[in-house]
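Here is the structure we will look at, set down as C-alpha coordinates.
Here it is in C-alpha coordinates:
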(Lines of atoms letter the chains of each structure in order from A and count residues from 1; the text may use other names and numbers.)
(Lines give C-alpha, C1' and ligand atoms only; values in the text may rest on other atoms or scores of the structure.)
Protein backbone atom coordinates (compact mmCIF):
# COMPACT_ATOMS: atom_id res chain seq x y z
CA UNK A 1 0.00 0.00 0.00
CA UNK A 2 2.83 2.38 0.89
CA UNK A 3 4.49 1.96 -2.49
CA UNK A 4 1.20 2.59 -4.28
CA UNK A 5 0.67 5.80 -2.30
CA UNK A 6 4.16 7.03 -3.15
CA UNK A 7 3.70 6.26 -6.85
CA UNK A 8 0.34 8.04 -6.94
CA UNK A 9 1.80 11.05 -5.14
CA UNK A 10 4.75 11.18 -7.54
CA UNK A 11 2.40 10.98 -10.51
CA UNK A 12 0.30 13.82 -9.10
CA UNK A 13 3.43 15.90 -8.52
CA UNK A 14 4.69 15.28 -12.04
CA UNK A 15 1.33 16.08 -13.61
CA UNK A 16 0.92 19.33 -11.71
CA UNK A 17 4.57 20.21 -12.22
CA UNK A 18 4.14 20.00 -15.97
CA UNK A 19 1.46 22.67 -15.70
CA UNK A 20 3.48 25.10 -13.57
CA UNK A 21 5.55 26.83 -16.31
CA UNK A 22 2.66 28.93 -17.57
CA UNK A 23 1.70 30.19 -14.12
CA UNK A 24 5.34 30.85 -13.27
CA UNK A 25 5.88 32.78 -16.47
CA UNK A 26 2.79 34.90 -15.88
CA UNK A 27 3.63 35.63 -12.23
CA UNK A 28 7.38 36.26 -12.60
CA UNK A 29 7.15 40.04 -13.01
CA UNK A 30 8.63 42.92 -11.04
CA UNK A 31 6.54 44.45 -8.22
CA UNK A 32 3.96 46.87 -9.55
CA UNK A 33 3.83 45.30 -13.00
CA UNK A 34 0.69 43.45 -14.16
CA UNK A 35 0.77 39.69 -14.58
CA UNK A 36 1.91 38.65 -18.05
CA UNK A 37 -0.87 38.02 -20.53
CA UNK A 38 1.26 37.30 -23.63
CA UNK A 39 4.28 35.14 -24.38
CA UNK A 40 7.51 36.73 -25.71
CA UNK A 41 6.32 36.30 -29.31
CA UNK A 42 3.12 38.23 -28.59
CA UNK A 43 0.67 35.34 -28.48
CA UNK A 44 -2.01 35.59 -25.75
CA UNK A 45 -1.74 33.19 -22.84
CA UNK A 46 -4.98 31.42 -22.04
CA UNK A 47 -5.42 30.23 -18.48
CA UNK A 48 -2.79 29.65 -15.82
CA UNK A 49 -2.03 25.95 -16.11
CA UNK A 50 0.13 24.37 -18.80
CA UNK A 51 3.26 25.03 -20.79
CA UNK A 52 4.00 28.39 -22.36
CA UNK A 53 3.28 28.17 -26.11
CA UNK A 54 6.12 30.27 -27.55
CA UNK A 55 9.43 28.81 -28.56
CA UNK A 56 11.46 31.35 -26.63
CA UNK A 57 9.53 30.90 -23.40
CA UNK A 58 11.58 27.94 -22.05
CA UNK A 59 14.60 30.23 -21.69
CA UNK A 60 12.81 32.60 -19.33
CA UNK A 61 10.99 32.17 -16.01
CA UNK A 62 8.45 29.42 -16.18
CA UNK A 63 10.05 27.74 -19.18
CA UNK A 64 8.70 24.46 -20.45
CA UNK A 65 11.54 22.33 -19.13
CA UNK A 66 11.12 19.20 -17.08
CA UNK A 67 12.60 20.63 -13.86
CA UNK A 68 9.28 21.73 -12.25
CA UNK A 69 7.74 18.32 -12.89
CA UNK A 70 10.78 16.46 -11.55
CA UNK A 71 11.04 18.60 -8.42
CA UNK A 72 7.30 18.47 -7.75
CA UNK A 73 7.21 14.69 -8.23
CA UNK A 74 10.17 14.18 -5.88
CA UNK A 75 8.70 16.42 -3.19
CA UNK A 76 5.27 14.78 -3.35
CA UNK A 77 6.79 11.30 -3.30
CA UNK A 78 8.89 12.17 -0.26
CA UNK A 79 5.91 13.58 1.62
CA UNK A 80 3.83 10.51 0.79
CA UNK A 81 6.63 8.25 1.93
CA UNK A 82 6.86 10.07 5.26
CA UNK A 83 3.13 10.40 5.88
CA UNK A 84 1.88 7.16 4.40
CA UNK A 85 -1.90 6.89 4.45
CA UNK A 86 -2.40 9.39 7.27
CA UNK A 87 -4.77 12.21 6.28
CA UNK A 88 -2.24 15.00 6.76
CA UNK A 89 0.00 13.41 4.12
CA UNK A 90 -2.70 14.05 1.53
CA UNK A 91 -2.82 17.70 2.57
CA UNK A 92 0.93 18.17 2.31
CA UNK A 93 1.09 16.43 -1.06
CA UNK A 94 -1.82 18.50 -2.37
CA UNK A 95 -0.22 21.88 -1.56
CA UNK A 96 3.40 20.97 -2.37
CA UNK A 97 3.26 22.02 -6.07
CA UNK A 98 2.27 25.53 -4.98
CA UNK A 99 5.52 25.74 -3.02
CA UNK A 100 7.41 24.62 -6.11
CA UNK A 101 5.68 27.36 -8.11
CA UNK A 102 6.57 29.94 -5.47
CA UNK A 103 10.18 28.81 -5.57
CA UNK A 104 10.33 29.22 -9.36
CA UNK A 105 8.91 32.73 -9.20
CA UNK A 106 11.14 33.76 -6.30
CA UNK A 107 14.26 32.52 -8.06
CA UNK A 108 13.27 34.44 -11.20
CA UNK A 109 12.33 37.84 -9.77
CA UNK A 110 12.92 37.63 -5.98
CA UNK A 111 9.22 37.92 -5.35
CA UNK A 112 6.61 35.81 -3.55
CA UNK A 113 3.19 36.92 -4.87
CA UNK A 114 0.40 37.50 -2.37
CA UNK A 115 -1.97 35.76 -4.78
CA UNK A 116 -0.18 32.51 -3.86
CA UNK A 117 1.17 32.91 -0.31
CA UNK A 118 -1.97 34.10 1.46
CA UNK A 119 -4.43 31.63 -0.14
CA UNK A 120 -1.89 28.87 0.49
CA UNK A 121 -1.88 29.70 4.19
CA UNK A 122 -5.68 29.63 4.36
CA UNK A 123 -5.93 26.45 2.28
CA UNK A 124 -3.31 24.58 4.31
CA UNK A 125 -4.97 25.54 7.58
CA UNK A 126 -8.43 24.58 6.32
CA UNK A 127 -7.34 21.22 4.92
CA UNK A 128 -5.44 20.32 8.09
CA UNK A 129 -8.56 21.24 10.05
CA UNK A 130 -10.43 18.59 8.06
CA UNK A 131 -7.54 16.13 8.44
CA UNK A 132 -7.65 16.55 12.23
CA UNK A 133 -11.20 15.15 12.22
CA UNK A 134 -10.22 11.98 10.35
CA UNK A 135 -8.91 8.70 11.80
CA UNK A 136 -5.14 8.18 12.10
CA UNK A 137 -4.29 11.89 12.07
CA UNK A 138 -0.91 12.28 13.78
CA UNK A 139 -0.99 16.00 14.56
CA UNK A 140 -3.22 18.71 15.97
CA UNK A 141 -5.01 21.57 14.23
CA UNK A 142 -4.43 23.83 17.21
CA UNK A 143 -0.70 23.24 16.92
CA UNK A 144 -0.85 23.98 13.20
CA UNK A 145 -2.61 27.32 13.73
CA UNK A 146 -0.25 28.33 16.52
CA UNK A 147 2.73 27.27 14.41
CA UNK A 148 1.61 29.44 11.52
CA UNK A 149 1.08 32.46 13.75
CA UNK A 150 4.42 31.94 15.51
CA UNK A 151 6.52 31.55 12.38
CA UNK A 152 4.79 34.48 10.72
CA UNK A 153 5.48 36.62 13.79
CA UNK A 154 9.12 35.50 13.93
CA UNK A 155 9.70 36.45 10.30
CA UNK A 156 7.88 39.73 10.81
CA UNK A 157 10.35 40.57 13.59
CA UNK A 158 13.26 39.67 11.28
CA UNK A 159 11.76 41.91 8.60
CA UNK A 160 11.38 44.84 11.01
CA UNK A 161 14.97 44.40 12.21
CA UNK A 162 16.45 44.19 8.72
CA UNK A 163 14.01 45.15 5.94
CA UNK A 164 16.81 45.02 3.37
CA UNK A 165 17.53 41.38 4.12
CA UNK A 166 14.00 40.06 4.48
CA UNK A 167 10.95 40.78 2.34
CA UNK A 168 7.30 40.90 3.30
CA UNK A 169 6.77 38.03 0.88
CA UNK A 170 8.98 35.88 3.12
CA UNK A 171 6.84 36.88 6.11
CA UNK A 172 3.68 35.81 4.30
CA UNK A 173 5.25 32.55 3.12
CA UNK A 174 6.13 31.80 6.75
CA UNK A 175 2.41 31.50 7.55
CA UNK A 176 1.64 28.31 5.55
CA UNK A 177 5.06 26.84 6.34
CA UNK A 178 4.48 27.41 10.05
CA UNK A 179 1.04 25.82 9.80
CA UNK A 180 2.53 22.69 8.23
CA UNK A 181 5.36 22.50 10.77
CA UNK A 182 3.14 23.21 13.76
CA UNK A 183 0.93 20.26 12.93
CA UNK A 184 3.56 17.84 14.26
CA UNK A 185 4.44 19.88 17.35
CA UNK A 186 6.95 22.45 18.48
CA UNK A 187 9.98 20.20 18.07
CA UNK A 188 9.30 19.78 14.35
CA UNK A 189 8.38 23.46 14.10
CA UNK A 190 11.70 24.53 15.59
CA UNK A 191 13.67 22.13 13.39
CA UNK A 192 11.99 23.29 10.19
CA UNK A 193 12.29 26.97 11.07
CA UNK A 194 15.96 26.63 11.98
CA UNK A 195 16.83 24.57 8.91
CA UNK A 196 15.26 27.16 6.60
CA UNK A 197 17.52 29.83 8.08
CA UNK A 198 20.50 27.48 8.03
CA UNK A 199 20.07 26.52 4.38
CA UNK A 200 19.85 30.17 3.40
CA UNK A 201 22.88 31.11 5.50
CA UNK A 202 24.99 28.30 4.03
CA UNK A 203 24.06 29.36 0.50
CA UNK A 204 24.83 33.01 1.24
CA UNK A 205 28.20 32.13 2.78
CA UNK A 206 29.09 29.89 -0.15
CA UNK A 207 28.17 32.67 -2.59
CA UNK A 208 30.44 35.09 -0.71
CA UNK A 209 33.37 32.68 -0.54
CA UNK A 210 33.13 31.91 -4.26
CA UNK A 211 32.81 35.63 -5.16
CA UNK A 212 29.40 35.07 -6.74
CA UNK A 213 27.92 37.68 -4.40
CA UNK A 214 28.87 40.55 -2.11
CA UNK A 215 27.58 41.39 1.35
CA UNK A 216 24.90 43.58 -0.18
CA UNK A 217 23.72 41.08 -2.78
CA UNK A 218 20.16 39.85 -2.31
CA UNK A 219 18.98 36.36 -3.16
CA UNK A 220 15.73 34.44 -3.20
CA UNK A 221 15.14 33.17 0.34
CA UNK A 222 11.77 31.55 -0.22
CA UNK A 223 13.16 28.27 -1.64
CA UNK A 224 15.36 27.83 1.45
CA UNK A 225 12.42 28.49 3.76
CA UNK A 226 10.40 25.90 1.87
CA UNK A 227 13.28 23.40 1.92
CA UNK A 228 13.66 23.79 5.68
CA UNK A 229 9.94 23.34 6.23
CA UNK A 230 9.89 20.31 3.94
CA UNK A 231 12.74 18.75 5.92
CA UNK A 232 10.88 19.38 9.16
CA UNK A 233 7.63 17.88 7.83
CA UNK A 234 9.51 14.84 6.57
CA UNK A 235 11.11 14.37 9.99
CA UNK A 236 7.74 14.77 11.66
CA UNK A 237 6.07 12.36 9.27
CA UNK A 238 8.65 9.64 9.68
CA UNK A 239 8.68 10.21 13.42
CA UNK A 240 4.93 9.87 13.65
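Residue numbers (full-length UniProt numbering): 1 to 240.
Backbone N, C-alpha and C fix where the C-beta goes; we use that ideal spot for every residue, glycine too.
My understanding is that residue 117 touches residue 173, with C-beta atoms under 8 Å, so please give their C-beta distance in whole angstroms.
Counted from its first residue, the chain shown places residue 117 at position 117. Counted from its first residue, the chain shown places residue 173 at position 173. Going by Cβ atoms, the distance from residue 117 to residue 173 rounds to 5 Å, so yes, they are a contact pair.
Taking the alpha carbon of residue 226 as the point to measure from, which residue in 25, 189, 205, 8 has its own alpha carbon closest?
On the chain shown, position 226 is the one that residue 226 refers to. Taking only the C-alpha atoms, the option nearest residue 226 is 189.
Are the beta-carbon atoms of residue 68 and residue 21 separated by less than 8 Å?
If you number the chain shown from 1, residue 68 lands on position 68. If you number the chain shown from 1, residue 21 lands on position 21. Contact: yes.
Go ahead and pull the three-state DSSP assignment for residue 119.
On the chain shown, position 119 is the one that residue 119 refers to. Correct three-state label for residue 119: helix.
Span separating the alpha-carbon of residue 28 from that of residue 83:
Residue numbering aside, residue 28 sits at position 28 when the chain shown is read from its first letter. Residue numbering aside, residue 83 sits at position 83 when the chain shown is read from its first letter. Separation of residue 28 and residue 83 (C-alpha to C-alpha, rounded to the nearest whole angstrom) is 32 Å.
Only counting the same chain, and skipping five residues up and downstream in sequence, which positions put a Cβ closer than 8 Å to that of residue 137?
Counting from one through the chain shown, the residue named residue 137 turns up at place 137. Answer for residue 137: 86, 87, 88, 131, listed in chain order.
Reducing DSSP to helix, strand and coil, say where residue 135 ends up.
For the purposes of this step, residue 135 is taken as residue 135 along the chain shown, with counting starting at 1. Residue state, collapsed to three classes: coil.
Could you tell me the boundaries of the alpha helix (DSSP H) in which residue 76 lies?
In the chain shown, residue 76 corresponds to position 76, counting from 1. Residues 67-83.
Member of 235, 228, 36 whose CA lies at the smallest distance from the CA of residue 245
Given a span of 1 to 240 for the chain in the structure shown, any question on residue 245 remains unanswerable.
How far does the alpha helix (DSSP H) with residue 231 in it reach, from first residue to last?
For the purposes of this step, residue 231 is taken as the residue at position 231 of the chain shown. Counting along the chain, the alpha helix (DSSP H) containing residue 231 begins and ends at 222-239.
Taking the continuous alpha helix (DSSP H) assigned at residue 183, which residues delimit it?
Along the chain shown, one-based indexing puts residue 183 at 183. From DSSP, the alpha helix (DSSP H) with residue 183 extends over 168-183.
Simplified DSSP assignment, three categories, for residue 87:
Mapped onto the chain shown, residue 87 falls at position 87. When DSSP states are grouped into helix, strand and coil, residue 87 belongs to the helix group.
In this structure, how does DSSP classify residue 34 when only helix, strand and coil are distinguished?
Taking the chain shown and counting its residues from 1, the one referred to as residue 34 is at position 34. Coil at residue 34, not helix or strand.
Check whether the Cβ atoms of residue 179 and residue 156 lie closer than 8 Å to each other.
Taking the chain shown and counting its residues from 1, one reaches residue 179 at position 179. Taking the chain shown and counting its residues from 1, one reaches residue 156 at position 156. Going by C-beta atoms, residue 179 is not nearer than 8 Å to residue 156.
Tell me whether residue 113 sits in a helix, a strand or coil according to DSSP, three-state version.
What you label residue 113 is simply residue 113 of the chain shown in a count that begins at 1. The answer is coil: DSSP assigns residue 113 none of H, G, I, E or B.
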